[in-house]
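Trainee:
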Amino acid sequence: MSEDHIQRIKDYLLALQDSICKALADEDGKPFTEDLWQREQGEGGGRTRVLAQGDLFEQAGVNFSHVSGGQLPASATAHRPELAGRDFDALGVSLVIHPRNPYVPTSHANVRFFTASKPGTEPIWWFGGGFDLTPYYPFDEDCVHWHQTARAACEPFGEQVYARYKKWCDEYFYLKHREETRGVGGLFFDDLNQWEFEQCFAFMRSIGDHYIPAYLPIVQRRRDHPYTATQRDFQLYRRGRYVEFNLVYDRGTLFGLQTGGRTESILMSLPPLAAWRYDWHPEPGTEEARLYDYLQPRDWL
Numbered sequence: 000m001s002e003d004h005i006q007r008i009k010d011y012l013l014a015l016q017d018s019i020c021k022a023l024a025d026e027d028g029k030p031f032t033e034d035l036w037q038r039e040q041g042e043g044g045g046r047t048r049v050l051a052q053g054d055l056f057e058q059a060g061v062n063f064s065h066v067s068g069g070q071l072p073a074s075a076t077a078h079r080p081e082l083a084g085r086d087f088d089a090l091g092v093s094l095v096i097h098p099r100n101p102y103v104p105t106s107h108a109n110v111r112f113f114t115a116s117k118p119g120t121e122p123i124w125w126f127g128g129g130f131d132l133t134p135y136y137p138f139d140e141d142c143v144h145w146h147q148t149a150r151a152a153c154e155p156f157g158e159q160v161y162a163r164y165k166k167w168c169d170e171y172f173y174l175k176h177r178e179e180t181r182g183v184g185g186l187f188f189d190d191l192n193q194w195e196f197e198q199c200f201a202f203m204r205s206i207g208d209h210y211i212p213a214y215l216p217i218v219q220r221r222r223d224h225p226y227t228a229t230q231r232d233f234q235l236y237r238r239g240r241y242v243e244f245n246l247v248y249d250r251g252t253l254f255g256l257q258t259g260g261r262t263e264s265i266l267m268s269l270p271p272l273a274a275w276r277y278d279w280h281p282e283p284g285t286e287e288a289r290l291y292d293y294l295q296p297r298d299w300l
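The sequence shown begins at 0 in numbering that gives the first Met the number 0 and counts up one residue at a time.
And the structure:
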């Protein structure tokens with residue numbers, strides 16, 4: 000993979016980070032703070048931006064990183080032995096938004112590129128990413144809008160693309176020990192190299208460019224919805240599920256920590272406040288109990 004290819008991807012990702020941060024900061028009224036960091040071991044670094052304690056967003060983190068090196072961790076090569084002994088570049092933008100109002104869903108998005116090279120051999124490369132929505136008090140119209148926008152991002156690339164990556168999202172963001180999905184899904188794709196490079200790159204851009212159109216209308220509809228202390232408590236309880244997924248299952252968290260990424264930037268996905276209760280279940284028929292009807296895969300379209 001040429002330096003030109005990597006630079007084009009990097010330029011797009013930095014511009015994507017800029018545009019998402021601007022849209023979110025404009026909506027909240029508070030700016031992001033920026034942290035430029037370098038890896039202590041290996042090459043590369045990143046640009047982490049965090050909006051903390053805003054009026055709308057309790058915490059919003061939008062992270063760009065580009066790390067490279069010659070030794071991948073064993074976890075990365077165990078199932079992909081062809082990657083052993085290769086130099087690698089990993090670039091991406093990853094974000095998690097934790098709103099203050101329980102009626103505004105948490106959201107996550109990620110787009111990334113990975114390449115591994117070795118003299119005398121063809122490079123191994125792929126794209127990955129997606130976005131997913133985690134409501135606490137769900138509205139059907141919000142879930143439908145989210146999935147309509149996800150489908151629109153995929154439509155130029157084939158009729159079955161949305162269905163394939165929607166299913167992958169439902170399966171990936173699933174807490175096996177809870178027997179429930181993390182939210183109402185969206186898109187997830189990885190190891191994308193079946194098309195030519197330019198088409199794969201265009202698909203990644205389409206996913207990145209559709210995140211704000213998918214999320215911002217939902218934020219604007221729900222941001223002023225009145226809520227009670229009970230609803231805030233339920234939001235914090237359900238945030239605990241988010242923490243469980245990110246620390247137990249999330250591949251990106253594990254890869255970042257094992258390749259010498261900045262720990263604070265990797266763990267920015269965690270909410271500033273969360274809660275756990277022992278063997279707690281909402282009362283049947285309550286608004287809180289209704290959420291659990293949404294935590295299994297569903298055809299939203």
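Think of the CB as a built atom: it goes at the ideal place given N, C-alpha and C, for glycine as much as any other residue.
(1) On the DSSP letters alone, give me the boundaries of the beta strand (DSSP E) that Leu132 sits inside.
(2) Ignoring anything shorter than 3 residues, give me the beta strand (DSSP E) runs that lie fully in the segment 174-223, in order along the chain.
(3) Report the option in Gly45, Ile19 and Gly28 whose CA atom is closest to the CA atom of Trp36.
(4) Helix or strand or just coil, what does DSSP make of Asp380?
(5) Is it buried or exposed for Asp169, if we count other Cβ within 10 angstroms and need 16 for buried?
(6) Pull up the CB-CB distance for Val66 and Thr258, whole angstroms please, since I reckon it's below 8 Å.
(7) Determine the direct distance from the alpha carbon of Arg48 to that of Leu12, and round the result to whole angstroms.
(8) Under 8 Å between the Cβ atoms of Tyr135 and Phe233?
(9) For Arg287, count neighbouring C-beta atoms within 10 Å of its own C-beta (all shown protein chains included) and say buried if the count is 16 or more, exposed if not.
(10) Rounded to the nearest angstrom, what separates Trp275 and His4 at their Cα positions?
(11) Among Lys166, Val103 and Phe31, whose alpha-carbon lies nearest the alpha-carbon of His224?
(12) Quick check: the Cα distance between Glu42 and Arg289, rounded to an integer number of angstroms?
Mentor: Once the coordinates are examined:
(1) Where Leu132 is concerned, the enclosing beta strand (DSSP E) stretches over Ile123 to Thr133.
(2) The beta strand (DSSP E) runs lying completely inside the segment 174-223 and spanning 3 residues or more are 184-191, given in chain order.
(3) Per the C-alpha coordinates, the member of Gly45, Ile19 and Gly28 positioned closest to Trp36 is Gly45.
(4) Absent from the model: residue 380. The displayed extent of the chain is 0 to 300, so no value can be given.
(5) Buried, because 16 or more other Cβ atoms sit within 10 Å of the Cβ of Asp169.
(6) The pair is a contact, with the Cβ atoms about 6 Å apart (cut-off 8 Å).
(7) C-alpha separation (whole angstroms): 13 Å.
(8) Yes, the Cβ-Cβ distance between Tyr135 and Phe233 is below 8 Å.
(9) The displayed chain sequence assigns Glu, not Arg, to residue 287. Buried.
(10) Rounded to whole angstroms, Trp275 and His4 show a C-alpha spacing of 45 Å.
(11) Measuring from the Cα of His224, the nearest candidate turns out to be Val103.
(12) If you take the alpha carbons of Glu42 and Arg289, they lie about 48 Å apart.
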